[in-house]
Amino acid sequence: MPNSVILSDLSYRTDDGHFLFQDINCRFGSGLNGLIGRNGIGKSTLLALIAGHLAPTTGHIAVPARIGLLDQSFSCADGDCLSDLFGLRDMLALTARAEAGTLSADELLKCDWSAAPRACAALERLGLEPLLDTPLSSLSGGQLSRARLAALNFAEPDFLLLDEPSNNLDRQGRAALCRFLENWQKGAIIVSHDRELLDRMDNIVEMSGHGVARYGGNFADYEAAKETERAVAERTFTDALKQKRKTVDATRRRAESKARRDANGRRMAARGDQPRIVAGGLKRKAEATSGRMTMLNARQEAAAADALKTAKARFDVVDPFTVTLPPSGLAADRQVIRVEALCGGYGGKVLFSGLSFEFTGPFRTAIAGRNGSGKSTLLAILTGRLAPLAGQAQIFVPYVFLDQQVSILDDGASLAENYRRLNGGESENECRAALARFRFRAEAALRPAGELSGGERMRAGLACVLGSKVPPSLLILDEPTNHLDLDSIAILEAGLNAYDGAILLVSHDRHFCQATGINGEVYLT
Numbered sequence: 000m001p002n003s004v005i006l007s008d009l010s011y012r013t014d015d016g017h018f019l020f021q022d023i024n025c026r027f028g029s030g031l032n033g034l035i036g037r038n039g040i041g042k043s044t045l046l047a048l049i050a051g052h053l054a055p056t057t058g059h060i061a062v063p064a065r066i067g068l069l070d071q072s073f074s075c076a077d078g079d080c081l082s083d084l085f086g087l088r089d090m091l092a093l094t095a096r097a098e099a100g101t102l103s104a105d106e107l108l109k110c111d112w113s114a115a116p117r118a119c120a121a122l123e124r125l126g127l128e129p130l131l132d133t134p135l136s137s138l139s140g141g142q143l144s145r146a147r148l149a150a151l152n153f154a155e156p157d158f159l160l161l162d163e164p165s166n167n168l169d170r171q172g173r174a175a176l177c178r179f180l181e182n183w184q185k186g187a188i189i190v191s192h193d194r195e196l197l198d199r200m201d202n203i204v205e206m207s208g209h210g211v212a213r214y215g216g217n218f219a220d221y222e223a224a225k226e227t228e229r230a231v232a233e234r235t236f237t238d239a240l241k242q243k244r245k246t247v248d249a250t251r252r253r254a255e256s257k258a259r260r261d262a263n264g265r266r267m268a269a270r271g272d273q274p275r276i277v278a279g280g281l282k283r284k285a286e287a288t289s290g291r292m293t294m295l296n297a298r299q300e301a302a303a304a305d306a307l308k309t310a311k312a313r314f315d316v317v318d319p320f321t322v323t324l325p326p327s328g329l330a331a332d333r334q335v336i337r338v339e340a341l342c343g344g345y346g347g348k349v350l351f352s353g354l355s356f357e358f359t360g361p362f363r364t365a366i367a368g369r370n371g372s373g374k375s376t377l378l379a380i381l382t383g384r385l386a387p388l389a390g391q392a393q394i395f396v397p398y399v400f401l402d403q404q405v406s407i408l409d410d411g412a413s414l415a416e417n418y419r420r421l422n423g424g425e426s427e428n429e430c431r432a433a434l435a436r437f438r439f440r441a442e443a444a445l446r447p448a449g450e451l452s453g454g455e456r457m458r459a460g461l462a463c464v465l466g467s468k469v470p471p472s473l474l475i476l477d478e479p480t481n482h483l484d485l486d487s488i489a490i491l492e493a494g495l496n497a498y499d500g501a502i503l504l505v506s507h508d509r510h511f512c513q514a515t516g517i518n519g520e521v522y523l524t
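Quick note: the sequence shown uses numbering that gives the first Met the number 0, first residue 0, plus one each step.
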């Protein structure tokens with residue numbers, strides 16, 4: 000068995016006949032291989048193919064003997080505990096009977112006394128309590144992700160496949176994940192949009208509509224290589240555009256020169272300065288030359304047009320998103336939020352208490368804390384969706400709350416209809432201009448919101464909120480980068496950086512917070 004994953008001429012077609020990718024050839028060796036690409040390009044499908052959960056349409060996959068997969072979907076039965084996640088329920092029952100002295104000699108031979116200690120050690124390495132009877136239903140999303148990773152490690156696979164492993168992890172969970180990967184000595188393919196995690200990779204493999212491309216080094220090295228590609232693509236596009244113009248100018252000059260010669264020939268023929276046989280020969284020669292010139296012009300123009308089209312396609316692919324937004328008008332001394340002795344929770348459970356803070360002007364602050372500390376609960380109280388248990392929370396300026404699902408959008412309405420609903424009084428031209436700033440042009444503005452991908456949906460939400468004549472003074476976001484691909488995160492960052500109002504957000508993405516100028520923190524303990 001190989002110690003690498005080798006893809007040979009791999010293609011996969013969906014049930015509707017659409018090829019998700021075709022003729023992929025790639026080798027994933029030892030070390031950490033970060034797999035990136037826009038949402039919908041086929042990253043999760045590729046992992047499922049490598050794990051043997053799907054069959055390729057064509058091509059071949061060579062894999063090590065034991066593959067460990069951490070995918071994004073997970074289900075368990077009622078009453079399942081950590082021991083079930085590790086596959087140890089029967090073994091623990093067997094060892095318990097052995098300790099009670101009720102096993103036969105043959106049954107004693109089946110006991111693996113090291114299983115429970117090894118499982119507990121795997122849990123501890125991921126920062127979890129080593130209690131195998133812990134119900135899975137009692138774990139937060141981040142704790143469950145870490146427990147699943149611990150169970151994978153316990154199974155001792157030869158190669159790891161991790162699909163967005165840092166989703167739902169708090170700061171401590173991310174640190175535990177990074178420690179785990181630092182100590183991993185075999186090969187791994189890690190699908191992620193988490194740039195802090197991707198900066199720990201040994202290689203970056205990018206999936207796109209053109210196939211796969213490998214970049215040696217971590218994500219910072221990848222970004223440097225992509226910037227070089229962008230500069231080359233822009234230069235190629237500019238050169239192709241110049242060549243196209245030169246070709247058109249040369250064609251025009253040749254046509255003008257030919258027209259002058261033809262006119263001179265007609266004048267000479269009209270005066271009878273040439274014998275008829277000579278005039279006829281010159282006419283036939285001119286016609287032949289004209290035909291060759293027409294073909295030459297057509298070939299040169301077609302070649303120049305093809306070169307321009309190819310260069311433009313490459314340039315468009317790597318062209319970064321930029322946007323200019325109207326000012327929010329938020330004054331530096333304007334009171335925005337005041338929280339006094341706030342106590343929050345739900346279902347009889349107190350998550351935080353005695354919380355007080357106040358913000359003025361265009362502040363940029365993150366709400367941080369462990370999974371389950373009440374970050375989303377605090378946002379719900381601030382936005383009036385949940386009553387506090389005690390204390391007060393007030394917002395004094397116009398604000399918009401964008402959750403992970405961008406619920407402000409009506410799925411059954413088009414983007415243009417959503418924009419007009421959220422920005423009453425703006426004209427059709429103003430609506431189209433605002434959507435176009437966020438790359439929803441022409442027919443794209445008429446797409447139903449329910450048809451948008453996660454990244455498109457966040458971009459549409461930003462367009463509807465920030466593209467108005469007067470954007471809100473405060474923008475509140477809850478884990479905005481979750482489930483977004485890297486391109487969508489870059490667009491989100493550009494939109495927030497162009498916005499001059501206040502921002503309050505929940506995010507565990509340190510790179511995203513730095514990129515958007517988040518310089519304050521409210522930490523919930």
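Glycine included, C-beta positions come from ideal geometry on N, C-alpha and C. A quick note: this is a predicted structure, and the numbers were derived from the prediction, not measured.
- Task: Please list, in chain order, all residues of the same chain as Asp169 whose beta carbon is under 6 Å from its beta carbon, the five residues on each side excluded.
- Result: Only Gly141, Arg369, Asn370 and His507 meet the Cβ criterion.
- Task: From the DSSP output, in three-state form, read off Asn370 for me.
- Result: Coil.
- For Tyr221, the three-state DSSP class (helix, strand or coil): In the structure shown, Tyr221 falls within a helical segment according to DSSP collapsed to helix, strand and coil.
- Three-state secondary structure (DSSP) of Arg117: Looking at Arg117 - three-state DSSP - the assignment turns out to be helix.
- Task: List the endpoints of the continuous alpha helix (DSSP H) containing Leu151.
- Result: DSSP places Leu151 inside the alpha helix (DSSP H), whose first and last residues are Gly140 to Phe153.
- So which of Leu377, Cys177 and Thr323 has the shortest CA-CA distance to Arg337? If you compare the alpha carbons of Leu377, Cys177 and Thr323 with that of Arg337, the shortest gap goes to Leu377.
- On the DSSP bridge assignment, give the partners of Asn202 in chain order. Paired residues: Asn32 and Gly215.
- Item | Delimiting residues of the beta strand (DSSP E) encompassing Gln391 | Per DSSP, the continuous beta strand (DSSP E) segment holding Gln391 begins and ends at Ala389 to Ile394.
- Cβ distance (whole Å) where Arg246 is taken to contact Gln299 below 8 Å: For the sequence presented, residue 246 should be read as Thr rather than Arg. With a Cβ gap of about 5 Å, Thr246 and Gln299 count as contacting.
- Query: Based on the DSSP output, what are the partners of Asp477 in its beta bridges?
  - Reply: Val505, per the DSSP bridge assignment.
- Task: Give me the Cβ distance between Ala154 and Ala239, rounded to the nearest whole Å; I'm assuming they're in contact under 8 Å.
- Result: Between Ala239 and Ala154 the Cβ distance is about 53 Å, and since that is not below 8 Å, they are no contact.
- With a CB to CB cut of under 6 Å and the five nearest residues on each side skipped, what residues in its chain are close to Glu195? Leaving aside the five residues that flank Glu195 on each side, the residues in its chain whose CB is nearer than 6 Å to its CB run, in chain order, Arg509 and His510.
- Query: Below 8 Å between beta carbons: does that hold for Gly33 and Phe218?
  - Reply: Result yes, Cβ atoms of Gly33 and Phe218 sit closer than 8 Å.
- Message: Please identify the residue among Leu107, Ala514 and Arg199 whose C-alpha is closest to the C-alpha of Ala493.
- Response: Out of Leu107, Ala514 and Arg199, Ala514 has the C-alpha closest to the C-alpha of Ala493.
- Task: Could you please give the first and the last residue of the uninterrupted beta strand (DSSP E) stretch that includes Tyr11?
- Result: Per DSSP, the continuous beta strand (DSSP E) segment holding Tyr11 begins and ends at Val4 to Arg12.
- Check the C-beta distance from Ala459 over to Leu408 and give it rounded, since I have them as a contact under 8 Å. Between Leu408 and Ala459 the Cβ distance is about 6 Å, and since that is below 8 Å, they are a contact.
- Can you give me the start and stop residues for the beta strand (DSSP E) that Gly519 sits inside? Element bounds for Gly519: Gly519 to Leu523.
- Task: Measure the alpha-carbon distance for Ile502 versus Ser74 and round it to whole angstroms.
- Result: Rounded to whole angstroms, Ile502 to Ser74 spans 36 Å at the Cα level.
- Query: Mapping DSSP to helix, strand and coil, what is Phe358?
  - Reply: Here Phe358 sits in strand by DSSP.
- Task: Within its chain, find whatever has a CB closer than 8 Å to the CB of Leu87; leave out the 5 residues flanking it on each side and keep chain order.
- Result: Within the same chain, and ignoring the five residues on either side of Leu87 in sequence, the residues whose Cβ sits closer than 8 Å to its Cβ are Ala114, Ala115, Ala118 and Leu131.
- In the DSSP assignment, find the beta strand (DSSP E) that holds Thr57 and state where it starts and stops. Element bounds for Thr57: Thr57 to Ala61.
- Task: Please report the residue range of the beta strand (DSSP E) in which Gln21 lies.
- Result: Where Gln21 is concerned, the enclosing beta strand (DSSP E) starts and stops at Phe18 to Phe27.
- Query: Taking all protein chains shown into account, do 16 or more other C-beta atoms lie within 10 angstroms of the C-beta of Phe18, making it buried, or fewer, making it exposed?
  - Reply: Phe18 is exposed by the Cβ-count criterion.
- Message: Quick check: the Cα distance between Val4 and Leu46, rounded to an integer number of angstroms?
- Response: Taking the straight line joining both Cα atoms gives about 11 Å.
- Message: For Phe358 and Leu473, I'd like the C-alpha separation in whole angstroms.
- Response: Straight-line Cα distance between these residues: approximately 11 Å.
- Message: According to DSSP, Gly344 sits in a beta bridge with which residue or residues?
- Response: Bridge partners of Gly344: Val349.
- Near Ser375, which residues of its chain fall below 7 Å by C-beta distance, leaving aside the five closest residues on each side in sequence? Cβ-Cβ distances below 7 Å link Ser375 to Asp477 and Val505 in the same chain, with the five nearest sequence neighbours on each side left out; the list follows chain order.
- Item | Member of Arg436, Cys80, Thr227 and Asp193 whose CA lies at the smallest distance from the CA of Lys468 | Sorting Arg436, Cys80, Thr227 and Asp193 by C-alpha distance to the C-alpha of Lys468 places Arg436 at the top.
- Item | Anticipated Cβ contact below 8 Å, Gly519 with Thr309, distance rounded | About 47 Å separates the Cβ atoms of Gly519 and Thr309, ruling out a contact at the 8 Å cut-off.
- Among Ala92, Ala301 and Ile203, which has the Cα closest to the Cα of Gln242? The residue with the shortest Cα to Cα distance from Gln242 is Ala301.
- Item | Arg252 versus Phe236: straight-line alpha-carbon distance, rounded | Separation of Arg252 and Phe236 (C-alpha to C-alpha, rounded to the nearest whole angstrom) is 24 Å.
- Item | Of the residues Leu385, Gln334 and Ala99, the one placed nearest Leu341, counting alpha carbons only | The shortest C-alpha separation from Leu341 is found at Leu385.
- Task: Evaluate Thr321 with the Cβ neighbour count: other Cβ atoms within 10 Å of its Cβ, from every protein chain shown; 16 or more gives buried, anything less gives exposed.
- Result: Its Cβ having fewer than 16 others within 10 Å, Thr321 is exposed.
- Paired residues, beta bridge with Cys80 - DSSP: Bridge partners of Cys80: Pro134.
- Message: Applying the 10 Å Cβ sphere with the 16-neighbour rule, what's the burial state of Arg37?
- Response: Label assigned to Arg37: buried.
- Item | the stretch 345-358 / the stretch 398-416 touching (three or more Cβ pairs under 8 Å) | Judged by Cβ distances under 8 Å, the stretch 345-358 makes no contact with the stretch 398-416, as fewer than three pairs qualify.
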